[in-house]
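Visitor: For reference, each letter of the sequence shown is one residue, going -1 to 241 in our numbering. For each residue, glycine too, the CB sits at the ideal point set by N, CA and C. What follows is a single structure, and I will ask about it in a moment.
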Amino acid sequence: RKHTAHATYNNVWIRNFRFSIGAKFELYDFKKFLFDSESDPEWFDIGDEKHFTYFATLNYDTYDRAYYPRRGVNFSASYHIYTDNLFQYNNHEPISALSGRLEGVVPITNRFSLVPAAYMRMLFGTDIPFTLVNIIGGDGYKRYEEQQMPFVGLTHVETCANSLVIASLKARQRMGGSHYLVLTGNYAITSEKPKDLLREERIYGGGIGYGFDSIGGPLEISFNYAGGRSNDVSTYINLGFKF
């Protein structure tokens, strides 16, 4: 179980920019979790975890619509400082995290668009707990956890090293008024330190999908593959708006 309390000031608007600052308290109340090791799944007892966090975020959004935008740019960046006693983490300096996202729509014709995107998250500090590690997988940015980065091909979220960078490109064809055919390719590099990003783990994946922008939200189905981690073909289905 996760308990969270926020105190945020987020009414700073300058044209399409929004800036917010704040603090929050998080308590992770759990006893054991299932970890899939290389041989057999094992149960680990890691106890409870609490964070006193300070953060600042910046957002810039010029998309013309929330789903299947036809033009615009979406950018966000955030910086978090994690402590367990308001000043330190585990008797060391606080843990910090710098993350960002940049997406855009490049219309090639009236119906065909390219959608490039890039994501990153860098962790700095010692004794980084499981609750703060980088997470990759799924189709949504920060959908399940704040540190989640999307990656087509990995249906279930997976942990990565402290430094993570992802590049993605979608080719989207609109058919009729609300039907879409989407081809996606993405590539990730991850390492414990930023300087080793080009020398350590690489993950690649892609997929082909169909979407319908209905009045009740997008209806989507896609078939995906990821190499470097799962090496399996997966199916993703989405019905309606995301909350």
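Would you check if the segment 64 to 75 and the segment 95 to 103 touch, i.e. whether three or more CB-CB distances between them fall below 8 angstroms?
Guide: Counting Cβ pairs under 8 angstroms, three or more are found: they touch.
Visitor: Mind checking GLN286: buried by the 16 CB within 10 Å criterion, or exposed?
Guide: This structure cannot speak to residue 286, because the chain is shown only from -1 to 241.
Visitor: From the DSSP output, in three-state form, read off THR248 for me.
Guide: One cannot answer for residue 248 here, as it falls past the ends of the chain, which runs -1 to 241.
Visitor: Short of 6 angstroms in beta carbon distance, which residues of its chain neighbour ASP27, apart from the five on each side in sequence? Order them along the chain.
Guide: Closer than 6 angstroms at Cβ, skipping near neighbours: ARG(-1), ASP46.
Visitor: In angstroms, rounded to a whole number, what distance separates the CA positions of GLY215 and LYS48?
Guide: Distance between the alpha carbons of GLY215 and LYS48 is about 36 angstroms.
Visitor: Between the C-alpha atoms of HIS13 and ASP62, what's the straight-line distance to the nearest angstrom?
Guide: It should be noted that the sequence gives Arg, not His, for residue 13. When rounded, the distance between both Cα atoms is 15 angstroms.
Visitor: Would TYR65 pass as a contact of ASP211 if the rule is Cβ separation under 7 angstroms?
Guide: A contact, by the Cβ cut-off of 7 angstroms.
Visitor: Given a cut-off of 7 angstroms on the beta-carbon distance, is the pair GLY204 and GLY183 in contact?
Guide: A contact, by the Cβ cut-off of 7 angstroms.
Visitor: Measuring CA to CA, which of ALA186, GLN171, ASP137 is closest to ALA159?
Guide: The candidate whose alpha carbon is nearest that of ALA159 is ALA186.
Visitor: Tell whether a beta-carbon distance below 7 angstroms holds between ILE19 and ALA54.
Guide: Cβ distance < 7 angstroms, so ILE19 and ALA54 count as in contact.
Visitor: In this structure, how does DSSP classify PRO192 when only helix, strand and coil are distinguished?
Guide: In the structure shown, PRO192 sits in a helix (DSSP, three-state: H, G or I).
Visitor: Are the segment 137 to 151 and the segment 115 to 126 in contact at 8 angstroms, needing three or more beta carbon pairs?
Guide: The segment 137 to 151 vs the segment 115 to 126: in contact.
Visitor: Below 8 angstroms on the Cβ atoms is my guess for VAL180 versus ARG170; work out the distance and round it to an integer in Å.
Guide: Yes, VAL180 and ARG170 are in contact; Cβ-Cβ is about 5 angstroms, under 8 angstroms.
Visitor: Looking only at its own chain, which residues have a Cβ that is under 6 angstroms from the Cβ of HIS177, when we skip the five neighbours before and after it?
Guide: Excluding sequence neighbours, HIS177 sits near PHE210.
Visitor: Give the range of the beta strand (DSSP E) segment to which GLY205 is assigned.
Guide: 199 to 212 is the extent of the beta strand (DSSP E) around GLY205.
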